[in-house]
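Numbering-wise (the numbering used here), the sequence shown opens with residue 160 and increments by one. For glycine and all other residues, C-beta sits at the position ideal for the given N, C-alpha and C. What follows is a single structure, written as structure tokens, with notes after it.
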Amino acid sequence: EWVVVSVLDAGPGLPPGAEDALFELFERGRHEGTATGVGLGLAICRAIVEAHGGSIHGENRAEGGARFTFTLPVGEPPAMELEDGHE
């Protein structure tokens, strides 16, 4: 059983072929010259979602704009091991 959440916008959409790259650190898309921020938001979203056993992706909408969807399993999140070896 999964929870599915989608966020839609009416902006310029995602650069073709860059849907996965947008989730990399410091990636700001094709409008980098006018974009504000440092390109961390979607990378942080992906890290949080994946740490809870889910997935996230982005795609262009036929009507224009973009859709970002993430899924999370219902129930307890998986145990996380901290960098020092503790859970």
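Straight across, the Cα-Cα distance linking Leu-173 with Gly-224 is about 8 Å.
Glu-240 carries a coil assignment under DSSP once its states are collapsed to helix, strand and coil. A Cβ-Cβ contact shorter than 9 Å links His-211 with Leu-231. Approximately 6 Å separates the beta-carbon atoms of Leu-167 and Arg-220; this is inside 8 Å, confirming the contact.
Taking Ser-214 as the centre and dropping the five residues before and after it, the same chain places the C-beta of Val-208, Phe-229 and Thr-230 closer than 8 Å to its C-beta, in chain order. The continuous alpha helix (DSSP H) containing Leu-201 extends over residues 200–210.
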